[in-house]
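My numbering puts the first residue of the sequence shown at 463, with every later residue one more than the last.
Quick reminder that beta carbons are idealized off the backbone N, C-alpha and C, glycines included.
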Amino acid sequence: MEKTAILIDSGYVNAIYQEYIKVKINYQKMIADLSSRKELLRAYYYYCPPYLSEPPTDDEKIRQSNFNKFLFSLRSIPRLALRQGKLEKRPDGFKQKRVDIMMAVDLVTLSSRDQIQSAIIIAGDSDLIPAIESAKNNGTIIYLYYHKKCVHDELLNACDERIPMDQKLWQKWE
């Protein structure tokens, strides 16, 4: 049976949720569905905690508390590894830092050590293309799950298989 890893960019999933599909995901269902015909090595969830100013506002404290509860629920999912990036405040909003690099390092490491034969990626950023090309050169098949209005064309072209995430698929993971 093909061994796979699932790499989930939480910033990407959150952007799709907020902008296009208002269905909250049950990550345990999602991971089970995505790996149903494969042997799951591990799922990786890349995230940034909410931004906290100094001192934090009451709203930020509530957001942090809710986020901590969410992380606690994720920790109960078998074979799920959490990878924490950093949220950086900029004049034009907030930006995730380190997430793409962590995804790239994990993908290249797993594929170069022959720990996986396939990788399921949920992301939309073209920064992953060099890592995807490296993994493909190591013989790893790359499956990209994406939203059609929120993905870079070059990323689509770099992957072996492309599966659009529509409302029906998200409802399956609800």
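Across the structure, Gln480 and Tyr489 are spaced so that their CA atoms are roughly 17 Å apart. Sequence-distant partners of Val570 (beyond 5 residues in either direction) whose C-beta falls short of 7 Å from its own C-beta, in its chain, are Ala593, Ser596 and Ala597. In the DSSP assignment, Thr466 is bridged to Leu502 and Ser580. Residue pairing of Leu606 in beta bridges, as defined by DSSP: Ile583 and Arg624.
Unbroken alpha helix (DSSP H) stretches of 4 residues or longer found wholly inside the segment 480-561: 489-496 and 520-536, given in chain order. In the same chain as Ile604, and ignoring 5 residues on each side of it, the C-beta atoms closer than 8 Å to its own belong to Ser580, Ala581, Ile583, Ile594, Ala597, Lys598, Ala620, Cys621, Asp622 and Glu623, in chain order. The shortest C-alpha to C-alpha distance from Arg560 to any of Ala467, Ile468, Cys510 and Gln526 is the one to Cys510. Each of Pro540, Leu514, Glu516 and Asn476 was checked against the Cα of Lys491, and the nearest Cα belongs to Pro540.
Listed in chain order, the non-local C-beta contacts of Ile470 below 6 Å within the same chain comprise Tyr507 and Ile584, local neighbours out to five positions each way being set aside. Across the structure, Lys523 and Phe534 are spaced so that their CA atoms are roughly 16 Å apart.
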